[in-house]
């Protein structure tokens, strides 16, 4: 196994070659022909002609390759004290269920969706599976500026086509 310094040296010596090799380690819907588009530097685009599904790479392929019962995610909330582990199979099932909820609401690829998400892992990954144009309000992570009680002033109620809310969250007192 290569050390960090060896990997760093390889990446800096030939960035495009290094990232071409890394790209071969994941599953693509459409494999990249071009690694780096530097035509608008400094606004570089990596794999500009490629398409992938992040959720498939994070979950499905591990289940397909026989790792369904391995730990995929360890959820440890400092706010609620909740600790939970998910296998790839469990997380895939939960994500599919939440993706089904979004689909039943009429959400499709390219739709604009506003989701108020408490810090529950299923909601985050399910949203990635459907790939709508998303607007997320992550519970517990938003910084409120002085004089502003919430982020509501930045979002209009009609901004998203659908605005699902999670009903299964708790916070420590």
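Numbering (my numbering), first residue to last: 853 to 1025. All C-beta atoms, glycine included, are put in the ideal place defined by N, C-alpha and C.
Other residues of its chain near residue i: CB distance less than 8 Å, five sequence neighbours each side excluded
i: residue 921; result: 939, 940, 941
i: residue 903; result: 880, 881, 882
Same chain only: Cβ atoms within 6 Å of residue i, ignoring 5 sequence neighbours per side
i: residue 935; result: 928
i: residue 1000; result: In this prediction, residue 1000 scores a pLDDT of 46, lower than 50, which makes its location untrustworthy; no coordinate-derived value is stated.
Which of helix, strand or coil DSSP assigns to residue i
i: residue 874; result: helix
i: residue 859; result: helix
i: residue 881; result: coil
i: residue 910; result: helix
i: residue 866; result: coil
i: residue 960; result: coil
i: residue 988; result: In this predicted model, residue 988 has a pLDDT of only 47, less than 50, meaning its place in the structure is not dependable; the value taken from the coordinates is given anyway. In this structure, residue 988 counts as strand in the three-state DSSP scheme.
i: residue 904; result: coil
i: residue 966; result: strand
i: residue 924; result: strand
i: residue 895; result: coil
Residue nearest to residue i in terms of C-alpha spacing, selected from the options
i: residue 947; options: 966, 959, 907, 916; result: 907
i: residue 1075; options: 876, 900, 875, 892; result: Residue coverage of the chain in this structure runs from 853 to 1025, which leaves residue 1075 outside it and unanswerable.
i: residue 945; options: 915, 962, 966; result: 915
Limits of the unbroken beta strand (DSSP E) element including residue i
i: residue 932; result: Per DSSP, residue 932 belongs to no beta strand (DSSP E) and is neither H nor E.
Same chain, Cβ closer than 7 Å to residue i, neighbours up to 5 away in sequence not counted
i: residue 863; result: 870
Exposure label - residue i; buried when at least 16 CB within 10 Å
i: residue 1002; result: Caution applies to residue 1002, whose pLDDT of 45 falls short of 50 and renders its modelled position unreliable; the model cannot decide the point.
i: residue 960; result: exposed
i: residue 895; result: exposed
i: residue 1026; result: Shown here, the chain extends from 853 to 1025; a query on residue 1026 therefore has no answer.
i: residue 953; result: exposed
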